[in-house]
DNA sequence: ACCATACATGTCGACACTGACATGTCGAGA
DNA sequence: TCTCGACATGTCAGTGTCGACATGTATGGT
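Protein chains in written order, with the UniProt record's numbering: chain A, 1 to 177; chain B, 1 to 177.
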């Protein structure tokens, strides 16, 4: 299960509580990579603790427990990250599925849908660009890490947006032989 | 459930059997958009038939059944495709998750991993480009549809590949303030 | 005639995931 | 003081999904 490794990875960055991990999944991580709610996270943390991959290193206010990854957990994570590059990675993307099923619509509907996609992805890209400009100055940051994921998201949006525009053009210019 | 709509969409393109649908999920559809095995597909087709969204229009050799989408099914599909553009679409991508967890690795490991990603995505892009060149002449095709998905895949690979190269550069040029 | 392979459909148990429900704490402001 | 919202953790039932198992047919090669 990928959730296992997502949690190990997040904890490897910084020890944190289940609550904080839940928040992390509500951000970019959940939007582009993998989603999970607290109802999956808490039981999974318990399982990881049982397997010795993480451990509770502190208990704070309101019954919060701070988890940290153990050496075994770090090893497991590295294994997973560095192992067979792709084999067949699990992919599920409802938005992309819509793109694949475009051909089930008539041309006008397809163009309408593509226009909406082009607009919304372009907007998202703008948002990310704005964040990048702002953050660029404010946070010199301990490492360039983390920015990488943001840049990834930005480029994704730009790509989808320009593809949608291209697709609209294709549909409107039959260009049959 | 998205599988429902994936099946409706595929059948809307062309009536086909569960077996053929299974094959469709093994191609680009499963690679970029949504995966499903025959063990999910057959029961789902039965459910769809029960709900009157699809129907068996022919039975062929080896007990094969050809399904076709009904008017109700077509309506349901259009509804889904054209409805609220994004709300929060379900996304799961193991590969992207790895990118997000890159920061859990030390710099050398991260660069190694990124190099592998850059290489394999560039290679995949080449494959798709080659297919496009070939098919471009051979199949003028009844519609430009379907090519759209292929182009989408191509652009995705190109984007990821160039992002990976950019990321490597970022990691190797600390450029701290 | 035999065999391997692709075609073709199906069930079932184990596991993953989601949404609804449940419980309780701490801090800030009215 | 009281209340509200954010903090914080958890269970559980229903549903979705996957791998293993099961079964049988048509075809092409040896």
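Each residue gets a CB set at the ideal place from its N, CA and C atoms; glycine is no exception.
If contact means a Cβ-Cβ distance below 7 Å, which residues of the segment 80-98 of chain B contact chain A? 81, 82, 85, 86, 89, 90, 91, 92, 93, 94, 95, 96, 97, 98
- Item | Reference residue 128(A); option with closest CA among 15(A), 101(A), 153(A), 52(A) | For residue 128(A), the nearest C-alpha among the options comes from 153(A).
On a CA-only basis, which of 164(B), 147(B), 170(B) is nearest residue 155(A)? Give me that one, please. Looking from the CA of residue 155(A), the closest CA among 164(B), 147(B), 170(B) belongs to 164(B).
So, with DSSP's three-state summary, where would you put residue 121(A)?
helix
Is there a Cβ of chain A sitting closer than 7 Å to that of residue 21(B), yes or no? Taking Cβ atoms only, chain A never reaches closer than 7 Å to residue 21(B), which makes this a no.
Hey, could you find the ends of the beta strand (DSSP E) residue 68(A) is sitting in?
-> 65-69
Pull up the distance between the alpha-carbon of residue 54(B) and that of residue 20(B), whole angstroms please.
15 Å
On a Cα-Cα basis, can you pick out the residue from 16(B), 76(B), 41(B), 36(B) that is closest to residue 52(B)? 76(B)
Beta-carbon proximity check, residue 67(A) vs residue 56(A), cutoff 7 Å:
Their beta carbons are under 7 Å apart, which means residue 67(A) touches residue 56(A) by this criterion.
Under 9 Å by beta carbon: chain B residues contacting residue 109(A):
78, 81, 82
(message) According to DSSP, simplified to helix, strand and coil, what is residue 92(A)?
(response) Correct three-state label for residue 92(A): strand.
Candidates 125(B), 23(B), 9(B), 31(B): which alpha carbon is nearest residue 38(B)'s? Among 125(B), 23(B), 9(B), 31(B), the Cα nearest to that of residue 38(B) belongs to 23(B).
Less than 8 Å between the CB atoms is what I'm expecting for residue 3(A) and residue 36(A), so what's the real figure, rounded? At roughly 5 Å, the Cβ-Cβ gap stays under 8 Å, so residue 3(A) and residue 36(A) are in contact.
- Message: Does the CB of residue 164(A) have a neighbour CB from chain B at under 7 Å?
- Response: no
Have a look at residue 71(A) and residue 32(A) and give me their C-alpha separation to the nearest angstrom. 28 Å
| said: Rounded to the nearest angstrom, what separates residue 81(B) and residue 65(B) at their Cα positions? | reply: Their backbone Cα atoms lie some 26 Å apart in a straight line.
Using only CA atoms, which one of 5(B), 13(B), 104(B), 30(B) lies nearest to residue 15(A)? The candidate whose alpha carbon is nearest that of residue 15(A) is 104(B).
Query raised in the report: Taking buried to mean at least 16 other C-beta atoms within 10 Å of its own C-beta, is residue 172(A) buried or exposed?
Result: Within a 10 Å sphere around the beta-carbon of residue 172(A) sit fewer than 16 other beta-carbons, which makes this residue exposed.
Can you pull the chain A neighbours of residue 220(B), defined as C-beta to C-beta under 8 Å? What the structure shows of chain B is the stretch from 1 to 177, and residue 220(B) is not part of that stretch, so it cannot be assessed.
Q. In the DSSP assignment, what are the bridge partners of residue 54(A)?
A. 69(A)
*Could you list the residues in the segment 27-42 of chain A with a C-beta less than 9 Å from some C-beta on chain B, going in chain order?*
28, 29, 30, 31, 32, 33, 34, 35
Quick check on DSSP: helix, strand or coil for residue 103(A)? helix
query = Which partner residues of residue 26(A) appear in the DSSP bridge assignment?
reply = Answer is none; residue 26(A) lacks a bridge partner.
> With 7 Å set as the bound, which would you pick, yes or no: does the beta-carbon of residue 14(B) sit closer than that to a beta-carbon of chain A?
Replying inline: no
message = On a Cα-Cα basis, can you pick out the residue from 17(A), 131(A), 88(A), 90(A) that is closest to residue 62(A)?
response = 17(A)
Check your understanding: Just how far apart, CA to CA, sit residue 110(A) and residue 151(B)?
Key -> Near 16 Å, if we compare the C-alpha coordinates of residue 151(B) and residue 110(A).
| query | For residue 92(B), which of 166(B), 25(B), 34(B), 44(B) has the nearest alpha-carbon? | reply | 34(B)
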